[in-house]
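Residue numbers (our numbering), protein chains in the order written: chain S, 1 to 198; chain L, 199 to 404.
Notes to accompany the following structure.
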């Protein structure tokens, strides 16, 4: 039979049953689990959930409409929310409602023709979240518009901070003009957890 | 002896009776697990951060992506961070913020250019954050936009990006402009070019 310590409840052998191997096993496992649990918030902070995805192949040219950034490479991801070849990041189901900062640099490639100054050129980050109670999904968008300057390709840097739960996020290039352009290889989409929504 | 799954605390398994050495080994491992916990607690949230600016004017030639040479370290606390153990900025390499350890960082770059003559119809200014001297491709991230064709004066741009770095990788702030004038143009001194970053995660933590 074992006794238990008064605070943490660690098992220990009594004098009537001293040095039972099972007591040592139970004591070691109990301490192990408790120490790990006490380390959890530190590890969670130091290993902050975050990701960096990169497009590796320039997209097909288009004149008007939208084109999603496709993730040909994952530079960093400790969330498990990215898939090579995919175009969305998915929040882990186990994660509580959290604030996230998402950002991107959308590099715009000239596919054909001479770009026309002033043609619409815009980046968009789309984030969808799910209400914990009603399970209703809502979508928010963040935009940055840098119209064409005809100076060898445009660069669109955009970011947004949103609270999400069971969410997904993606990045898109929107065009409306007269020459073909596309998302250039090297464009990146990234995100980092800022902490729980309380 | 076997070991627990997380902290690898040794415990007797095949012995019928626990020996004194078994208890000693377990006690030593518990000791080390608690030391590791104390270290995590002490280091918790002590990520390194750094901010550098270019207080003096820097001339930016036309159509050349130019690395800003920083002359002021507003913040450079890497050496005091147990998670970095080294400074990010050194005056000997004034354009660079160099990672002392593997890490993930959030980097912010901003800068202004004083456009003395309007850029014309095909003009643009750009601020980028560049990895390891890159001048294109995925190693350069940032913002580019076109001021009005007749616009003159200070024009500012900013960009935010996130990077996974290995020790020795460096980030630079690079600025660019192009247009009709021959230039060069100067950077702003009132709101000077700034590159700032903070470590936000360690790849080694699991």
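Backbone N, C-alpha and C fix where the C-beta goes; we use that ideal spot for every residue, glycine too.
CA-to-CA distance, residue j to residue i, given in whole angstroms
i                     : j                     : result
residue 193 (chain L) : residue 264 (chain L) : What the structure shows of chain L is the stretch from 199 to 404, and residue 193 (chain L) is not part of that stretch, so it cannot be assessed.
residue 85 (chain S)  : residue 36 (chain S)  : 36 Å
residue 188 (chain S) : residue 52 (chain S)  : 7 Å
residue 102 (chain S) : residue 167 (chain S) : 12 Å
residue 366 (chain L) : residue 212 (chain L) : 48 Å
residue 402 (chain L) : residue 280 (chain L) : 14 Å
residue 11 (chain S)  : residue 234 (chain L) : 23 Å
residue 140 (chain S) : residue 345 (chain L) : 28 Å
residue 200 (chain L) : residue 209 (chain L) : 5 Å
residue 398 (chain L) : residue 186 (chain S) : 22 Å
residue 327 (chain L) : residue 195 (chain S) : 26 Å
residue 87 (chain S)  : residue 132 (chain S) : 25 Å
residue 121 (chain S) : residue 190 (chain S) : 20 Å
residue 150 (chain S) : residue 307 (chain L) : 24 Å
residue 287 (chain L) : residue 246 (chain L) : 12 Å
residue 42 (chain S)  : residue 222 (chain L) : 28 Å
residue 329 (chain L) : residue 80 (chain S)  : 25 Å
residue 117 (chain S) : residue 257 (chain L) : 27 Å
residue 16 (chain S)  : residue 207 (chain L) : 25 Å
residue 289 (chain L) : residue 269 (chain L) : 7 Å
residue 272 (chain L) : residue 392 (chain L) : 10 Å
residue 173 (chain S) : residue 66 (chain S)  : 5 Å
residue 390 (chain L) : residue 111 (chain S) : 36 Å
One or two residues paired with residue i in a DSSP bridge
i                     : result
residue 156 (chain S) : S:106
residue 175 (chain S) : S:65 and S:121
residue 374 (chain L) : L:324
residue 258 (chain L) : L:383
residue 341 (chain L) : L:325
residue 397 (chain L) : L:303
residue 188 (chain S) : S:54 and S:105
residue 311 (chain L) : L:353 and L:385
residue 126 (chain S) : S:141 and S:170
residue 209 (chain L) : L:200
residue 289 (chain L) : According to DSSP, residue 289 (chain L) bridges with nothing at all.
Option in the options with minimal Cα separation from residue i
i                     : options                       : result
residue 395 (chain L) : L:205, L:252, L:219 and L:360 : L:360
residue 251 (chain L) : L:236, L:242, L:274 and L:262 : L:274
residue 123 (chain S) : S:177, S:3, S:42 and S:171    : S:171
residue 91 (chain S)  : S:66, S:193 and S:151         : S:193
residue 184 (chain S) : S:7, S:56 and S:42            : S:56
residue 299 (chain L) : L:242, L:388, L:277 and L:332 : L:277
residue 204 (chain L) : L:223, L:228 and L:214        : L:228
residue 70 (chain S)  : S:79, S:60, S:78 and S:64     : S:60
residue 8 (chain S)   : S:15, S:20, S:32 and S:22     : S:32
residue 373 (chain L) : L:248, L:262 and L:224        : L:262
residue 197 (chain S) : S:137, S:22, S:46 and S:100   : S:100
Residue i vs residue j beta-carbon contact at 7 Å
i                     : j                     : result
residue 129 (chain S) : residue 165 (chain S) : yes
residue 400 (chain L) : residue 305 (chain L) : no
residue 266 (chain L) : residue 383 (chain L) : no
residue 297 (chain L) : residue 363 (chain L) : yes
residue 181 (chain S) : residue 83 (chain S)  : no
residue 216 (chain L) : residue 2 (chain S)   : no
residue 377 (chain L) : residue 335 (chain L) : no
residue 341 (chain L) : residue 316 (chain L) : no
residue 381 (chain L) : residue 259 (chain L) : yes
residue 75 (chain S)  : residue 48 (chain S)  : no
residue 339 (chain L) : residue 105 (chain S) : yes
residue 113 (chain S) : residue 58 (chain S)  : no
residue 28 (chain S)  : residue 202 (chain L) : yes
residue 147 (chain S) : residue 115 (chain S) : no
residue 318 (chain L) : residue 347 (chain L) : yes
Range of the contiguous beta strand (DSSP E) that encloses residue i
i                     : result
residue 363 (chain L) : 351–363
residue 248 (chain L) : 247–251
residue 30 (chain S)  : Looking at the DSSP string, residue 30 (chain S) is not in any beta strand (DSSP E); the run it does join, the alpha helix (DSSP H), is 21–46.
residue 13 (chain S)  : 11–13
residue 88 (chain S)  : 88–90
residue 142 (chain S) : 137–145
residue 2 (chain S)   : 2–4
residue 266 (chain L) : Counting along the chain, residue 266 (chain L) falls outside any beta strand (DSSP E), and DSSP gives it neither H nor E.
residue 77 (chain S)  : 73–77
Residue i - containing alpha helix (DSSP H), residue span
i                     : result
residue 239 (chain L) : 218–241
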